[in-house]
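Protein chains: 2
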Amino acid sequence: MQEFELIRQIFRNADYAQPNAQIAQSIGDDCALLNIPAGQQLAVTTDSLLEHVHFPADADPFLLGQRALAVAVSDLAAAGAVPLAFTLALSLPHPDVAWLQSFSRGLAAMAQQCHIRLVGGDTTAGPLNIGITAMGCVPHGCGLLRSGAAVGELLFVSGPLGAAAAALRLFKHDSLLSADTQQQLLDAFWTPQPQLALGQWLRGKAGAVQDISDGLLADAAHIAHESGVQLCIEQHKVPLAQAAVACDAAQALSWALTGGDDYQLLFTLTPAYQEQLQHEFPQAVCIGYVQVGQGLQLVDDQGRLLSYTKTGYQHFG
Amino acid sequence: MQEFELIRQIFRNADYAQPNAQIAQSIGDDCALLNIPAGQQLAVTTDSLLEHVHFPADADPFLLGQRALAVAVSDLAAAGAVPLAFTLALSLPHPDVAWLQSFSRGLAAMAQQCHIRLVGGDTTAGPLNIGITAMGCVPHGCGLLRSGAAVGELLFVSGPLGAAAAALRLFKHDSLLSADTQQQLLDAFWTPQPQLALGQWLRGKAGAVQDISDGLLADAAHIAHESGVQLCIEQHKVPLAQAAVACDAAQALSWALTGGDDYQLLFTLTPAYQEQLQHEFPQAVCIGYVQVGQGLQLVDDQGRLLSYTKTGYQHFG
Numbered sequence: 001m002q003e004f005e006l007i008r009q010i011f012r013n014a015d016y017a018q019p020n021a022q023i024a025q026s027i028g029d030d031c032a033l034l035n036i037p038a039g040q041q042l043a044v045t046t047d048s049l050l051e052h053v054h055f056p057a058d059a060d061p062f063l064l065g066q067r068a069l070a071v072a073v074s075d076l077a078a079a080g081a082v083p084l085a086f087t088l089a090l091s092l093p094h095p096d097v098a099w100l101q102s103f104s105r106g107l108a109a110m111a112q113q114c115h116i117r118l119v120g121g122d123t124t125a126g127p128l129n130i131g132i133t134a135m136g137c138v139p140h141g142c143g144l145l146r147s148g149a150a151v152g153e154l155l156f157v158s159g160p161l162g163a164a165a166a167a168l169r170l171f172k173h174d175s176l177l178s179a180d181t182q183q184q185l186l187d188a189f190w191t192p193q194p195q196l197a198l199g200q201w202l203r204g205k206a207g208a209v210q211d212i213s214d215g216l217l218a219d220a221a222h223i224a225h226e227s228g229v230q231l232c233i234e235q236h237k238v239p240l241a242q243a244a245v246a247c248d249a250a251q252a253l254s255w256a257l258t259g260g261d262d263y264q265l266l267f268t269l270t271p272a273y274q275e276q277l278q279h280e281f282p283q284a285v286c287i288g289y290v291q292v293g294q295g296l297q298l299v300d301d302q303g304r305l306l307s308y309t310k311t312g313y314q315h316f317g
Numbered sequence: 001m002q003e004f005e006l007i008r009q010i011f012r013n014a015d016y017a018q019p020n021a022q023i024a025q026s027i028g029d030d031c032a033l034l035n036i037p038a039g040q041q042l043a044v045t046t047d048s049l050l051e052h053v054h055f056p057a058d059a060d061p062f063l064l065g066q067r068a069l070a071v072a073v074s075d076l077a078a079a080g081a082v083p084l085a086f087t088l089a090l091s092l093p094h095p096d097v098a099w100l101q102s103f104s105r106g107l108a109a110m111a112q113q114c115h116i117r118l119v120g121g122d123t124t125a126g127p128l129n130i131g132i133t134a135m136g137c138v139p140h141g142c143g144l145l146r147s148g149a150a151v152g153e154l155l156f157v158s159g160p161l162g163a164a165a166a167a168l169r170l171f172k173h174d175s176l177l178s179a180d181t182q183q184q185l186l187d188a189f190w191t192p193q194p195q196l197a198l199g200q201w202l203r204g205k206a207g208a209v210q211d212i213s214d215g216l217l218a219d220a221a222h223i224a225h226e227s228g229v230q231l232c233i234e235q236h237k238v239p240l241a242q243a244a245v246a247c248d249a250a251q252a253l254s255w256a257l258t259g260g261d262d263y264q265l266l267f268t269l270t271p272a273y274q275e276q277l278q279h280e281f282p283q284a285v286c287i288g289y290v291q292v293g294q295g296l297q298l299v300d301d302q303g304r305l306l307s308y309t310k311t312g313y314q315h316f317g
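For the record, the sequence lines run as chains Y and W.
Residue numbers 1 to 317, in UniProt numbering, belong to the letters of the first sequence in order.
Residue numbers 1 to 317, in UniProt numbering, belong to the letters of the second sequence in order.
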């Protein structure tokens, strides 16, 4: 297990694993020790990425490092938190130092972008499995939750949807798409952008917030359930990623509604904030509203109810 | 994936996953939100347990739940921290609800003993892999590290060693041992006792502290390396677990020196504290001292140098 010791050194010596003002003790001891500023709560989230389940076999380790950290930090964004630190539990079949160095560079790129540092790790021999627990700070009582949506609020997404789901097709089939479009799809899948600035802006304003990981409809259903309200989604307002439309115009809406993996934020806000939101975050789009009831309602541009099934969607009557 | 949703409900509804005064938001949202008391630092550690690597196939899920949490909490003990919360990243091949309920009961038993609560989780389909990130609180600047050992301090272990390593033999071979001895060995492996009271007592007193997970010699080498000192271990003073001796008297010392998995604490302390330590923690044993130099020295009861190899140990000359 000498080689696993070498791997631990790769992480321990990385720039993104060094102490700073908030990290009194970083990776390398039994525990890390973190300073939480007075008046702040700690936001904590954990995510696992598994080969074959969350990403294709033989994935580029640099991209994998970026994506694994982005997915976890996206949850901090959804809580309105400022990233602080993360731990990494990594299982990999062989102690492949070149793979690890590339993976570490991917982590480093996302860690630098998000101002978050590695403070603990555990590396073991086993099927490829990347577990990240991310921690951040949020002013006391200001953490954003799924449970705060209120009737009368509007429903927004932070940007276009569907590109990450469209990218999955590229993994399976040769493609006639332009190199530009292919790159846009792959970027959407491999390098989701945690919406940290928006999440922090939403503190004290939003009703409910969550990031879109399972798909718009599934995640909207979570907000509806946790808040005890009904969300009405106006299907024609859902913003479709250009690259997803270019990839397959007939599929793009379905990808946007159910594809997941986009890591945009889904949130509710009173109409009074809409103008300010659109000024500060022009990519945000109002896609519906909160009403009395439970679950979801999907409507077309005439207000007619649509019903969604796994294989598509159709008019009710 | 309906069944994975069911599994999430098992954890979310568990007693040990409910909010308390320090846990403002528990499992079920994008992030948990924790209150860290003023003047405290957050101690964080992460551990993974993999089937075939850390435990035998078809292990009892109740015992697995206990052990997985104990191993992580033991790191909090080594930092002198008071447990607060943990997250669970669980991959398992099939959404086996009976298995999960038993695993959850094992977690619950250890969580109750250690006063720690589940605040986040991620359950996915994949090879069995249990990732736990544990968090605790320690008064600012009082966290215990591996790097503080100073020349002139004595070296202690918190209790007898070798039983967990001896238990591994039971997994592989039929045994003629008494039922009592077998149970003691299995208990040592499956239900290590995080030394939380001792860890907290050591705050402000100990030089260096860590828990023994890799084995006494390997872990002592970590302290020596991080502290820039040499640890001298008096081999005849190393306390051997009775059940390990009963299992194989000839092997017991080797298990105690290199077996690992006992999760006792290994620590250095000035002689002035020895009497108080032995009064409060009578199981603690002085096994050596800190001196100028680097690495480890193993000596016999005549002070003669011993050299240890993977297959045994022998006199130098």
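Glycine included, C-beta positions come from ideal geometry on N, C-alpha and C.
Quick caveat: nothing in here was measured; it's all calculated off a predicted structure.
Can you check whether the CB of W/Ala164 is closer than 8 Å to the CB of W/Asp261?
yes
For W/Ser213, which three-state DSSP category applies?
coil
Looking at C-beta atoms only, is the number of pairs between the region 257-271 of chain W and the region 192-203 of chain W that lie closer than 8 Å three or more?
yes
Looking at the unbroken beta strand (DSSP E) that takes in Y/Cys232, where does it start and where does it end?
Gln230 to Glu234
Count the other C-beta atoms from every protein chain shown that fall within 10 angstroms of the C-beta of W/Glu5, then say buried if there are 16 or more, exposed otherwise.
exposed
Taking buried to mean at least 16 other C-beta atoms within 10 Å of its own C-beta, is Y/Leu128 buried or exposed?
buried
Starting from W/Thr87, find everything on chain Y with Cβ-Cβ shorter than 7 Å and list it in chain order.
Val44, Thr46 and Thr133
Could you give the distance in angstroms between the alpha-carbon of Y/Met135 and the alpha-carbon of Y/Gln41?
10 Å
Taking C-beta to C-beta, are W/Ser91 and Y/Leu50 nearer than 8 Å?
yes
Is W/Val73 close to chain Y, meaning its C-beta is less than 8 Å from at least one C-beta of that chain?
For W/Val73, the answer is no, since every Cβ of chain Y falls outside 8 Å of its Cβ.
Whole beta strand (DSSP E) runs in the UniProt domain "PurM-like N-terminal" (28-138) of chain Y with 3 or more residues, listed along the chain?
32-35, 40-50, 82-92 and 117-125
By the 7 Å beta-carbon criterion, what residues does the region 25-40 of chain W contribute toward chain Y?
Residues Gln25, Asp29, Asp30, Cys31, Ala32, Leu33, Leu34, Asn35, Ile36 and Ala38.
Just the C-alpha distance for W/Leu257 and W/Gly215, rounded to the nearest angstrom, thanks.
6 Å
Determine, for W/Gly317, whether the minimum Cβ-Cβ distance to residues of chain Y falls below 8 Å.
Per-residue confidence for W/Gly317 stands at a pLDDT of 28, beneath the threshold of 50, marking its modelled position as unreliable; the derived number appears in the next sentence. Between W/Gly317 and chain Y, the shortest Cβ-Cβ separation is not below 8 Å.
Using the beta-carbon count (16 or more within 10 Å), is Y/Pro282 buried or exposed?
The C-beta of Y/Pro282 has fewer than 16 other C-beta atoms within 10 Å across all chains shown, which makes the residue exposed.
For Y/Ser178, count the other beta carbons within 10 Å of its own beta carbon; 16 or more makes it buried, fewer makes it exposed. Which is it?
exposed
By how many angstroms is the C-alpha of W/Gln193 removed from the C-alpha of Y/Thr311?
Note that Y/Thr311 has pLDDT 37, beneath the 50 cutoff, so the model's placement of it is unreliable and no number is given.
Check for me: the beta strand (DSSP E) holding W/Phe156 runs from which residue to which?
Leu154 to Val157
Could you name the residues of chain W that Y/Ser91 contacts, counting a contact when the two beta carbons are closer than 7 Å?
Neighbours of Y/Ser91 on chain W, chain order: Ser48, Leu50 and Asn129.
Are there three or more Cβ pairs, one per stretch, closer than 8 Å when the region 225-237 of chain W is compared with the region 54-63 of chain Y?
The region 225-237 of chain W makes no contact with the region 54-63 of chain Y, as fewer than three CB pairs between them are under 8 Å.
With burial defined as no fewer than 16 other Cβ atoms inside 10 Å of the residue's Cβ, what is the status of W/Leu176: buried or exposed?
exposed
Enumerate in chain order the residues of its own chain whose CB-to-CB distance from W/Leu186 is below 7 Å, with the five nearest sequence positions on each side excluded.
Ala167 and Leu170
Does the contact criterion of 3 or more C-beta pairs under 8 Å hold for the region 28-41 of chain Y versus the region 138-152 of chain W?
Taking 8 Å as the limit for Cβ pairs, the verdict is that the region 138-152 of chain W does touch the region 28-41 of chain Y.
Please report how far the alpha carbon of Y/Ala125 lies from the alpha carbon of Y/His94, in whole angstroms.
6 Å
What in chain Y is Cβ-close to W/Gly120, meaning under 7 Å?
Val44, Thr45 and Thr46
Under the DSSP definition of a beta bridge, which residues are partnered with W/Arg267?
Note on identity: in this sequence residue 267 of chain W is Phe, with Arg being the wrong assignment. As a beta-bridge residue in DSSP terms, W/Phe267 pairs with W/Phe156 and W/Val209.
Inspect the beta-carbon positions of Y/Ala272 and Y/Gln184 and report whether they are closer than 8 Å.
no
Verify the CB distance criterion: does Y/Asp211 have a CB-CB separation below 8 Å to chain W?
Chain W, which has a Cβ nearer than 8 Å to the Cβ of Y/Asp211, makes this yes.
Less than 8 Å between the beta carbons of W/Gln291 and W/Val245, yes or no?
no
Give me the Cβ distance between residue 320 of chain Y and Y/Ile116, rounded to the nearest whole Å; I'm assuming they're in contact under 8 Å.
Examination of residue 320 of chain Y is not possible in this model, given that chain Y is present from 1 through 317 alone.
Does DSSP put Y/Gly293 in a helix, a strand or coil?
coil
Is DSSP giving Y/Val299 helix, strand or coil here?
strand
How should W/Asp211 be labelled, buried or exposed, when 16 other C-beta atoms within 10 angstroms of its C-beta is the threshold for buried?
buried
Taking all protein chains shown into account, do 16 or more other C-beta atoms lie within 10 angstroms of the C-beta of W/His222, making it buried, or fewer, making it exposed?
buried
Taking CB distances under 8 Å as the criterion, tell me whether W/Ala21 reaches chain Y.
no
Can you list the residues of chain W that Y/Gln124 reaches, using a CB-CB cut of under 7 Å?
Rather than Gln, the amino acid found at residue 124 of chain Y in this sequence is Thr. What Y/Thr124 touches in chain W: Ser48, Leu50 and Val53.
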